[in-house]
Amino acid sequence: ISQHLDVLERAGLVKTRRDGRYKFHHIDTTPLEPIIERWLRKGTEHDANPSDQRAR
9 ISQHLDVLER AGLVKTRRDG RYKFHHIDTT PLEPIIERWL RKGTEHDANP SDQRAR
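Just so we're aligned: the sequence shown equals residues 9 to 64 in the numbering used here.
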């Protein structure tokens, strides 16, 4: 698990704080916000243009 947390920390998705021999990990979603906004915007654009949807 610690190797996975290290990868997430290097990616900026997890912040780590040490307190003695303990490490506390916290999720930081800030780097994901532009991706989420773009994804939601595409979903909204898709809903606004029903003619672009394929016939089922």
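Glycine is no exception: its CB is placed at the ideal position from the N, C-alpha and C atoms.
Just so it is clear, the structure is predicted and the values come from calculations on it, not from any experiment.
Asked, Found
"How would you write the range of the alpha helix (DSSP H) that residue 36 sits in, first residue to last?", "Taken as a continuous stretch (DSSP letters only), residue 36 belongs to no alpha helix (DSSP H), as it is neither H nor E."
"Determine the contact status of residue 23 and residue 36, defining contact as a CB-CB distance below 8 angstroms.", "yes"
"Does DSSP put residue 25 in a helix, in a strand, or in coil?", "strand"
"Is the Cβ-Cβ distance between residue 21 and residue 42 less than 8 angstroms?", "no"
"Rounded to the nearest angstrom, what separates residue 17 and residue 44 at their Cα positions?", "19 angstroms"
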